[in-house]
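Below is one structure, written out as structure tokens, with a few remarks after it.
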Ligand code: BTN
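In our numbering, the protein residues as written are -19 to 209.
This is the structure in structure tokens:
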């Protein structure tokens, strides 16, 4: 079921306030306090993007693995529109080195909330003020039907949930669309910086990074691919 709002502080906040109903999706035309991962803001101008939050039953699997599955669901939604979309661990969707969609999963006492933001119509001028290199479907020359995209997103998120819940989500689905595997990266985890090479993603969704000190398993953190010299 879809609930459409004109304006809200954050659809993730609204998803906490509404009575629980598994599969409910709250979509807003604009958010006045859109939130990103790691305490960042998520720019949510009126009708410039998809700002949606799904209300789901809490899962038994760990949240890192679930967030990979939801990132993959968004990737699957965008992929038919153009070649070249890819995933960045743990759940961002990129194209041509620029971020186009992000996911904010949050677990409360009685529900799993999956917030999805997709940039639709932002112009290059607007995108240049984003905190990370960003793009939008329009800036990529993609014509889209917002309602259709929402329907596909809904289907893919609910499918990803079923896969996770039944233990059938394979990390390979994510890994094979994640070109950072095999690359040298810089990692920021709990305020500490280190570098290393990504060896892959394990069955729990952790990123395996080979560093000078040995292997590290990351469950959260900010990972940047280092430019090739
Ligand atoms: C990220 O930082 O990559 C995650 C961005 C998540 C943004 C979406 S927009 C809908 C939902 N409501 C929010 O306040 N945030 C998420």
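Using N, Cα and C, we set each Cβ at its ideal position, and we do this for glycine too.
Measure the C-alpha to C-alpha separation of residue 207 and residue 161 and round it to an integer number of angstroms. So the alpha carbons of these two residues sit roughly 14 Å apart.
Per the contact definition of three or more C-beta pairs closer than 8 Å, is the stretch 77 to 89 in contact with the stretch 54 to 62? Here the stretch 54 to 62 lies against the stretch 77 to 89, with 3 or more beta-carbon pairs under 8 Å apart.
Answer yes or no: do residue 151 and residue 203 have a C-beta to C-beta separation smaller than 7 Å? no
Taking residue 54 as part of the alpha helix (DSSP H), name the residues at either end of that continuous run. 43 to 58
Tell me the rounded alpha-carbon separation between residue -7 and residue -18. Rounded to whole angstroms, residue -7 to residue -18 spans 16 Å at the Cα level.
Return the bridge partner residues of residue 79 from the DSSP annotation. 74 and 114
Between the Cα of residue 27 and those of 20, 15 and 10, spot the shortest distance and give me the residue it belongs to. 10
Which same chain residues end up closer than 7 Å to residue 69 when comparing Cβ atoms and leaving out the 5 residues on each side of it in sequence? 158, 160, 181, 187 and 203
With burial defined as no fewer than 16 other Cβ atoms inside 10 Å of the residue's Cβ, what is the status of residue 0: buried or exposed? exposed
Report the option in 93, 127 and 177 whose CA atom is closest to the CA atom of residue 35. 93
Can you give me the Cβ contacts of residue 144 inside the same chain, cut-off strictly under 8 Å, excluding the 5 residues immediately before and after it? Taken in chain order, the residues that qualify are 39, 41, 45, 46 and 49.
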